[in-house]
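Asker: A single structure is presented below for examination.
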Amino acid sequence: MIPEVLMSKQATDITFSQVVSDGTNQDCMLETVKDPLILVIFGATGDLTARKVFPAVYNLMRTHTLPHPFLILGIGRSELTSSMFQHNMQAALAKTHKVDPSAWEVMARSISYLQMDYTRPQDYAKLKRTLKALDPDGRTQGNILFYLAVPPDSYALIAEQLGKAGLSREYVKGNGRISLVVEKPFGRDLESARKLDRTLHTWFEEHQIFRIDHYMAKETVQNVLMFRFANAMFEPIWNRSYIDYIEITAWESLGVEHRAGYYDRAGVLRDMFQNHMMMLLALCAMEPPSLFESERVRDERSKVYRAMQPFPVDRIDQRLVLGQYAAGIINGRPVPGYVEEPGVDPRSLTPTYARMKVFIDNWRWQGVPMFLTSGKRMAEKRTEIVIQFKEVPCSMFHRILGDHITANRLVLGIHPNECVDLTFQTKAPGTRVCLRPVNMHFDYAKGYGGPLFDDYEKILLDCMLGDQTLFWRQDAVELCWGFLTPILEECDCPDRRKTIYLYRAGTNGPQEAQRIKP
């Protein structure tokens, strides 16, 4: 059965740009999608679509970046008409946005819904007919973006069925550019990651697959590369000769929230380290690519993972501390411990905190420790990168000031403080010779009046443009899993209760983490 399609000929002649009139200057770094497109969202009735994907599409529409024509087909198991689905999306959007009625009226005309059972091959034939019915004149030129906002165990199944239905191959039988978007996790260890990849690559080429890491889409994360390679004052000292250590921190004050079912099977190492933390590490440590071009940037990231020193699992407690949050106080409010959260096994030994010390064995970074720390229910929400420089090698002031002078420190704030802070020494005013540390501060958004894109908006825009720079390539996925899998095998052993340290919610993690220090 073909779903209710609300795209009239008159509606398709209305461009999204007609409904935006806020006067914002969009000339600076605003990239628009030229090629028409159908966005197909699997899991359209789920939480991810309502909270992230659909608001991102709405905001892209408001900033003139979407192509024309642009159609949206939501796919889910629920029995809904297109009108009902539109109403649900408008209600979800209204929870976080002030919805412009005229803008929504135009957007709603592009939205259709199809009920499907992902396990039934005949439903994919129905999907193929529906796509044709949505665009009978071929105005979208066969360009389709399949977004899998579904549980990870459905990725392989959906990819295989799309392929068998003839919906994965580009430029055959009326198909144009076909893309597949998958969210993390990409497997749960090296073996499962390879198994998933074999299925995806049976039906899709690597350039068609967009593996999302939404951390990479944050403006301040992207700014790390610009900061390093566009400024002559920093890159010459960005190495083992001048840097003492690098500290990458990603703290969350929230608990597992609505993700308890997934998180209790994953834990912090799979949820944060295999993707977000490793990606931030690569940005800090990678060599400059010869061109700022997708594959060359991803080549350099993969080189970092290849150079990572194998983790000493026989001495794991010297390089890794795992923790789990207990009941505590967050923002003056009592919160439960992890095992008391809804959907979590009361006997769970899943870690919610990890602090890890790693080394990169290459010319630039030999001997420089890299500290990666992430946890839930921490004292504050904070993601930042700290570059700690070495002390000056010889102090000419030691008779006056002593032998120790505080070293320079560079902090790249990712979230919520999007900033750059540089600490250095100056003479304190007065007749005596004294030093005082001062701070040079840059607020990332200050002085900028153009449109600001959140991570999912940037992700969707790059998927539509076909730009793979911010996405994971399979070799990097396997290299990171190859590094982490021996650790996971050691930490997943039955007697790991002795290796999971409790910490109170609202604190800085377990006391035992202090042993992993510079």
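Per the numbering used here, the sequence shown starts with residue 429, numbered consecutively.
By construction, the Cβ of each residue, glycine as well, lies at the ideal position given by its N, Cα and C atoms.
A quick note: this is a predicted structure, and the numbers were derived from the prediction, not measured.
1. Distance, Cα to Cα, G615 vs L912?
2. To the nearest angstrom, how far is it from the Cα of E619 to the Cα of Q902?
3. Heavy atom of the ligand FMN less than 8 Å from the Cβ of P495, yes or no?
4. Give the secondary structure of N867 by DSSP, where H, G and I count as helix, E and B as strand, and everything else as coil.
5. How long is the line joining the alpha carbons of Y486 and G683, rounded to whole angstroms?
6. Could you tell me if M987 is buried or exposed, where buried requires 16 or more neighbouring beta carbons within 10 angstroms of its beta carbon?
7. Looking only at its chain, what residues have a beta carbon closer than 6 Å to the beta carbon of Q816, apart from the 5 residues adjacent to it on each side?
8. Is R783 near A941, with beta carbons less than 9 Å apart?
9. Between E728 and E715, is the Cβ-Cβ spacing less than 9 Å?
10. Is Y546 near S510, with beta carbons less than 9 Å apart?
11. Since I believe G771 is in contact with A688 (beta carbons under 8 Å), could you give me their beta-carbon distance rounded to a whole number of angstroms?
12. Measuring only between beta-carbons, confirm whether P664 sits less than 9 Å from chain C.
13. Rounded to whole angstroms, how far is the Cβ of S681 from the Cβ of M806, which I believe are closer than 8 Å?
14. Work out the CA separation of P740 and N845 for me, nearest whole Å.
15. Taking R932 as the reference, give the member of P664, R810, E533 and P764 with the closest Cα.
16. Would you mind reading off the limits of the alpha helix (DSSP H) that contains G756?
17. Residues bridged to A841 by DSSP?
18. Decide yes or no for the touch test of the stretch 640-655 against the stretch 772-782: beta carbon pairs closer than 8 Å, at least 3 of them.
19. Count the C-beta pairs between the stretch 621-638 and the stretch 574-591 that are closer than 8 Å, then say yes if the count reaches three, no if not.
20. Would the stretch 463-471 count as touching the stretch 858-869 if we require 3 or more Cβ pairs under 8 Å?
21. Taking the CB atoms as reference points, tell me whether M798 and A873 lie closer together than 9 Å.
22. Give me the residue from A561, I665, M644 and N603 with the minimum Cα distance to I572.
23. Can you give the Cα-Cα distance for I928 and G937, rounded to whole angstroms?
24. With a CB to CB cut of under 8 Å and the five nearest residues on each side skipped, what residues in its chain are close to V578?
25. Roughly how many angstroms separate the alpha carbons of N759 and L750, rounded to a whole number?
26. State yes or no: is the C-beta of Q746 within less than 9 Å of the C-beta of R943?
27. For the beta strand (DSSP E) containing M798, name the first residue and the last one.
28. Determine the contact status of A645 and D895, defining contact as a CB-CB distance below 9 Å.
29. With H, G and I counted as helix, E and B as strand and the rest as coil, what does DSSP make of I887?
30. Here's the rule I'm using: 16 or more other beta-carbon atoms within 10 Å means buried, otherwise exposed. How should Y541 be labelled?
31. Just how far apart, CA to CA, sit T452 and L719?
32. Roughly how many angstroms lie between the CA atoms of P774 and T811, to the nearest whole one?
Answerer: Per the coordinate set shown:
1. 12 Å
2. 13 Å
3. Questions concerning the ligand FMN fall outside what the structure shown contains, since it holds no ligand whatsoever.
4. strand
5. 28 Å
6. Any property of residue 987 remains undetermined from this structure, which presents the chain solely from 429 to 946.
7. D672, Y673 and R837
8. yes
9. yes
10. no
11. 3 Å
12. The structure shown contains no chain C, having only a single protein chain.
13. 6 Å
14. 35 Å
15. P764
16. Per DSSP, G756 belongs to no alpha helix (DSSP H); it is in the beta strand (DSSP E), G756 to I758.
17. For clarity, residue 841 is Gly in the given sequence; the question names Ala instead. DSSP lists E812 and C847 as partners of G841.
18. no
19. yes
20. no
21. no
22. N603
23. 12 Å
24. F470, G471, G474, Y546 and I586
25. 24 Å
26. yes
27. M798 to G803
28. no
29. helix
30. buried
31. Its pLDDT being 38, under 50, T452 is placed unreliably by the model, and the measurement read from it follows with that caveat. Taking the straight line joining both Cα atoms gives about 32 Å.
32. 29 Å
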